[in-house]
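Visitor:
In the working numbering, the protein residues as written are 631 to 798.
1) Got a sec? Which residues, its chain only, sit under 6 Å from residue 684 by beta carbon, not counting five neighbours each side?
2) Taking DSSP as the reference, what is the three-state secondary structure of residue 697?
3) In the structure shown, what three-state DSSP assignment does residue 719 receive?
4) Does the stretch 731 to 750 come within contact of the stretch 660 to 668, defined as at least 3 CB pairs closer than 8 Å?
5) Please identify the residue among 715, 734, 710 and 653 whose C-alpha is closest to the C-alpha of residue 726.
6) Check this for me: beta carbons of residue 758 and residue 655, under 8 Å apart or not?
7) Check whether the Cβ atoms of residue 678 and residue 747 lie closer than 8 Å to each other.
8) How would you label residue 645, buried or exposed, when you count the other beta carbons within 10 angstroms and need 16 or more for buried?
9) Look up residue 689 in the DSSP assignment and say whether it is helix, strand or coil.
10) Per DSSP, which one or two residues make a beta bridge with residue 670?
11) Have a look at residue 802 and residue 715 and give me their C-alpha separation to the nearest angstrom.
12) CB residue 690 to CB residue 699, shorter than 8 Å?
13) Under three-state DSSP, which class holds residue 799?
14) Quick one: is residue 749 buried, meaning 16 or more other Cβ sit within 10 Å of its Cβ, or exposed?
15) Compute the beta-carbon to beta-carbon distance between residue 637 and residue 661, rounded to the nearest angstrom, for a pair I have assumed lies under 8 Å.
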């Protein structure tokens with residue numbers, strides 16, 4: 631059984647050095663509701679040369695308030711190439727699917743994602759990702775009690791609702 635889960639996606643922040651664009655942008659996406667186990671990330675490229683994806687993973691006991699702890703990001707995917715030649719259009723609008731077996735660490739109890747986008751070419755002033763979608767395992771009560779019965783898991787699809795993806 632699958633159902634849609636809302637993401638809170640913040641507007642891309644373009645990094646600048648001395649008032650000049652650096653070719654780097656950051657997009658933060660917050661999973662609304664309980665932390666979830668991430669199975670897959672999909673998106674459509676919009677002229678981004680490479681992406682690094684980091685996840686904020688809850689690794690503290692559930693009874694500890696989040697306001698008292700700083701939770702760092704862990705790297706799920708590092709320097710994933712989207713455009714082999716950043717100055718050319720090849721790969722600039724491809725659909726990308728990154729599955730959990732490609733992650734550098736386990737994506738359990740994910741609370742937020744951070745996409746670090748890079749575009750070194752001056753040819754593409756605007757770049758980003760669109761149609762961000764995540765497939766996540768729902769953590770059931772049984773899993774929270776450390777019983778790993780695979781038959782009780784279900785999936786959620788997380789759909790992006792940012793202004794870049796919604797066409798007016």
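Note that beta-carbon positions come from the ideal geometry of N, C-alpha and C, so glycine has one too. Values in this document were obtained by computation on a predicted structure and should not be read as measured data.
Guide: Reading off the structure:
1) Against the chain shown, residue 684 aligns to sequence position 54. Answer for residue 684: 703, 705 and 744, listed in chain order.
2) By 1-based counting over the chain shown, the position of residue 697 is 67. Helix, per DSSP.
3) Locating residue 719 in the chain shown gives position 89, where the first residue counts as 1. Residue 719 falls in the coil class under three-state DSSP.
4) yes
5) The residue labelled residue 726 in the question sits at position 96 within the chain shown. Looking at the Cα atoms, 710 is the closest of the given residues.
6) Indexing the chain shown from 1 puts residue 758 at position 128. Indexing the chain shown from 1 puts residue 655 at position 25. The Cβ atoms of residue 758 and residue 655 sit closer than 8 Å to each other.
7) What you label residue 678 is simply residue 48 of the chain shown in a count that begins at 1. What you label residue 747 is simply residue 117 of the chain shown in a count that begins at 1. Going by C-beta atoms, residue 678 is nearer than 8 Å to residue 747.
8) Here the question's residue 645 lines up with position 15 in the chain shown. The residue is exposed, with fewer than 16 neighbouring Cβ atoms inside 10 Å.
9) Counting from one through the chain shown, the residue named residue 689 turns up at place 59. In this structure, residue 689 counts as coil in the three-state DSSP scheme.
10) Taking the chain shown and counting its residues from 1, one reaches residue 670 at position 40. Per DSSP, 729 and 765.
11) There is simply no residue 802 to check, as the chain begins at 631 and stops at 798 in what is shown.
12) Start at 1 with the first residue of the chain shown, and residue 690 comes out as number 60. Start at 1 with the first residue of the chain shown, and residue 699 comes out as number 69. Yes.
13) No statement about residue 799 is possible, as the shown extent of the chain runs from 631 to 798 and does not include it.
14) On the chain shown, position 119 is the one that residue 749 refers to. Buried, because 16 or more other Cβ atoms sit within 10 Å of the Cβ of residue 749.
15) As a working mapping, residue 637 is identified with position 7 in the chain shown. As a working mapping, residue 661 is identified with position 31 in the chain shown. That pair is a contact at about 6 Å.
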